[in-house]
Structures are given as structure tokens and as C-alpha cells.
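**Q** All residue numbers for the sequence shown refer to the numbering used here, where the first residue is 1 and numbers rise by one. We treat Cβ as the ideally placed atom computed from N, Cα and C, and that holds for glycine. Predicted model, so just to flag it, every value in this text is computed and none were measured. Sharing a structure, written as C-alpha cells. Questions coming.
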Amino acid sequence: MKKISLLPLLALFLIAGCAKSIDTSNPVSFEKMMTNPLYAQRYWEDLTESMVNMQINKDKDITANQQKLATVDATRRDALAKAQAISLLMHDGKVGQFLTVKQDTNGSALLLKKVLYFSPDFTTIPSPSLHLYLTQSIDPRNGQFPDPTSKDLGTLASPYGAQQYPLPPSDTTQYHSAVLYDTVLNRIEGFVQLQ
Numbered sequence: 001m002k003k004i005s006l007l008p009l010l011a012l013f014l015i016a017g018c019a020k021s022i023d024t025s026n027p028v029s030f031e032k033m034m035t036n037p038l039y040a041q042r043y044w045e046d047l048t049e050s051m052v053n054m055q056i057n058k059d060k061d062i063t064a065n066q067q068k069l070a071t072v073d074a075t076r077r078d079a080l081a082k083a084q085a086i087s088l089l090m091h092d093g094k095v096g097q098f099l100t101v102k103q104d105t106n107g108s109a110l111l112l113k114k115v116l117y118f119s120p121d122f123t124t125i126p127s128p129s130l131h132l133y134l135t136q137s138i139d140p141r142n143g144q145f146p147d148p149t150s151k152d153l154g155t156l157a158s159p160y161g162a163q164q165y166p167l168p169p170s171d172t173t174q175y176h177s178a179v180l181y182d183t184v185l186n187r188i189e190g191f192v193q194l195q
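Set out below in C-alpha cells:
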């Protein structure tokens, strides 16, 4: 009789037990994602570019049919207008690019009307207890963090992708940076200066 090693099976159970469960029963709707201006801007710009490329490349499936050609052109005009409107809206907020401190962090953030938004290309490396803070400090690396002006918004929802965080009703104009801070390791993983 052949012996079966239980070690790979045991490792699989341990990994499965340590992984956080993902709730797939309530996926984020397209409409909800479009409330994030950084997501919406990318969506409308990508759609505009796609329609322009169809026209420039004279896609045979499109150019052979007047109705499809008219749809592509109308979609291009509508998407461009929406992308421009989102850009104008974002001028009312504070925006910045994430900077890496301890862990590779990329993407951008927008503070607009009491909500902090992350862009679709936001990424950071997972960490044991990664929290999102707002602070009045322009550069949280200067001095002790968390500082007296910092506000813990709670655990980061995800290390990847577009997301949004409603802020408390206090004055948000005083905040200059959003910080990804691990509360167990006591270190700043990355941050964004909001201007």
C-alpha cells in the first residue's frame, strides 16, 4: 500500500484557514463605482479613446454600418463630455499621487466633499493591520506618527483598486495627507499629499 503524505493537504487547510473570507454575495455595482470621480474619469476617458480608435482605424464592422458608426460617434461625444465634467468637478477637491514609504504603494487619491476616493489603479502591499489616516501634516514622515492632528478612518478596505471612505462631519479642509499606517508594526507604508 502506498503512503500518502498529508503535509501538502495540511498546508492547504492552514492557508485556507488564514485567508480572509471574501463576500461575493454583494458585489459593488457599476452605479456605485461611478460615484467615485477617479473611477468615473478613467471609465469615460477609456470609453472615449476606444470609440476614437474605432473611427481612426476604420473598423470594418463599424464603418460598414451607418447605424453603428453613428452610435460610435455619439458614444464618443457623450463620453468625452462626461470625462470633462468629472475633471471640472475634481477641481473642487484635493488630489495627489501615493508615495511609497515602507511598502510599494501606487495610485492617486481625491478628497472631495467629505469623501476620500482612491483611483482604480491604487495598489499597496497587504500588511497585518493597515489603517487609513487623515492628518494635517504635509509629510507624515517628519516627526512622530500618528500625530495629534491625525484621524484614524479605520482598516483599509482593500489593498487594491478603487474605493471610497466617507469622512466624519468635521472640517476636511484642514487635512493635507492621507496615510496608510500599520497599527501593529507601527510604521507608515505609504501616503498621499492632498493639494
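Tell me, please, whether the region 69-83 touches the region 106-115 by the rule of three or more beta-carbon pairs shorter than 8 Å.
**A** Cβ pair count under 8 Å is below three, so no.
**Q** Can you tell me which residues form a DSSP beta bridge with THR100?
**A** The residue labelled residue 100 in the question sits at position 100 within the sequence shown. Paired residues: GLY190.
**Q** Report the partner residues of GLN163 according to the DSSP bridge assignment.
**A** Along the sequence shown, read from residue 1 onward, the residue named residue 163 stands at position 163. Looking at the DSSP assignment, GLN163 forms a beta bridge with PHE118.
**Q** Looking at the secondary structure, which residues open and close the alpha helix (DSSP H) in which LEU110 lies?
**A** The residue labelled residue 110 in the question sits at position 110 within the sequence shown. Per DSSP, LEU110 belongs to no alpha helix (DSSP H); it is in the beta strand (DSSP E), 108-112.
**Q** Leaving out the 5 sequence neighbours to the left and right, which residues in its chain are closer than 8 Å to PRO169 when beta-carbon positions are compared?
**A** Within the sequence shown, residue 169 is the residue found at index 169, counting from 1. Closer than 8 Å at Cβ, skipping near neighbours: LYS114.
**Q** Which of the three DSSP states, helix, strand or coil, is assigned to SER129?
**A** Your numbering for residue 129 matches position 129 in the sequence shown. Looking at SER129 - three-state DSSP - the assignment turns out to be coil, as it is neither helix nor strand.
**Q** Please list the terminal residues of the continuous alpha helix (DSSP H) segment that includes VAL283.
**A** Coverage of the chain is limited to positions 1 through 195, which leaves residue 283 absent and any answer about it impossible.
**Q** State the DSSP-derived secondary structure class of SER158, mapped to helix, strand or coil.
**A** Locating residue 158 in the sequence shown gives position 158, where the first residue counts as 1. In the structure shown, SER158 sits in coil (DSSP, three-state: anything other than H, G, I, E or B).
**Q** Decide yes or no for the touch test of the region 84-100 against the region 52-62: beta carbon pairs closer than 8 Å, at least 3 of them.
**A** Verdict: no, contact absent.
**Q** I need the boundaries of the alpha helix (DSSP H) containing PRO37, first residue and last residue.
**A** As a working note, residue 37 is residue 37 in the sequence shown. 37-56 is the extent of the alpha helix (DSSP H) around PRO37.
**Q** Let's test the definition: count the other Cβ atoms within 10 Å of the Cβ of PRO166 and tell me whether it reaches 16, buried, or not, exposed.
**A** Within the sequence shown, residue 166 is the residue found at index 166, counting from 1. PRO166 is exposed by the Cβ-count criterion.
**Q** What do you reckon, are the CB atoms on THR155 and PRO146 nearer than 9 Å?
**A** Here the question's residue 155 lines up with position 155 in the sequence shown. Here the question's residue 146 lines up with position 146 in the sequence shown. Taking 9 Å as the Cβ cut-off, THR155 and PRO146 do not qualify as a contacting pair.
**Q** Given that a residue counts as buried once 16 or more other Cβ atoms are within 10 Å of its Cβ, and exposed if not, what is LEU6?
**A** Within the sequence shown, the letter at position 6 stands for residue 6. Residue placement at LEU6 cannot be trusted, given a pLDDT of 45 that sits under 50; the coordinates are not used to answer.
**Q** Under 9 Å between the Cβ atoms of LEU180 and LEU132?
**A** One-based indexing of the sequence shown puts residue 180 at position 180. One-based indexing of the sequence shown puts residue 132 at position 132. Yes, the Cβ-Cβ distance between LEU180 and LEU132 is below 9 Å.
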